[in-house]
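So the structure is just underneath, and the comments pick up after that.
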Amino acid sequence: MKRLRDLTAVLGMVALTACNNASIEGSWVEPVPGMSGMQQGFVLDGDGSASSINMVTLKYEAWKKVGNRLLLSGTSIGNHQNISFTDTLTIEKLTQDSLTLKRGELLLRYAKTNED
Numbered sequence: 013m014k015r016l017r018d019l020t021a022v023l024g025m026v027a028l029t030a031c032n033n034a035s036i037e038g039s040w041v042e043p044v045p046g047m048s049g050m051q052q053g054f055v056l057d058g059d060g061s062a063s064s065i066n067m068v069t070l071k072y073e074a075w076k077k078v079g080n081r082l083l084l085s086g087t088s089i090g091n092h093q094n095i096s097f098t099d100t101l102t103i104e105k106l107t108q109d110s111l112t113l114k115r116g117e118l119l120l121r122y123a124k125t126n127e128d
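Take 13 as the starting number for the sequence shown in the working numbering and just add one per residue.
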């Protein structure tokens, strides 16, 4: 009886883990602060390349997932200068249609979209 209970517990944990095999690849958007109806975000492609959505001065170029961290690299375009960067974000939550990232104390909530 104890073996059956242990086996049931293990199978339950495996089933729960399998339920959250959400892919981080795809297009992710969030509302633009102070601009009603506008969205911004990024696209994470399967080959490790990335691109920005509605962000002219922030050009994402590459991404990598390391454990529960998302590393986004690109170029910040400013007044007559371009600055390369890598942003390290903690993946707080990932589902099929939502992504919550943390940068310091700031939580960033994204929704998956079909737009590129």
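Quick reminder that beta carbons are idealized off the backbone N, C-alpha and C, glycines included. For clarity, every value in this text was computed on a predicted model and none was experimentally measured.
{"query": "Residue of P43, G60, T69 minimising C-alpha distance to I95", "result": "T69"}
{"query": "Limits of the beta strand (DSSP E) - the one that P43 falls within", "result": "38-43"}
{"query": "Inter-residue Cα distance where the pair is N91 and S64", "result": "19 Å"}
{"query": "Among S35, L119, K114, the one whose alpha carbon lies nearest that of V55", "result": "S35"}
{"query": "Where G116 falls: helix, strand or coil (DSSP)", "result": "coil"}
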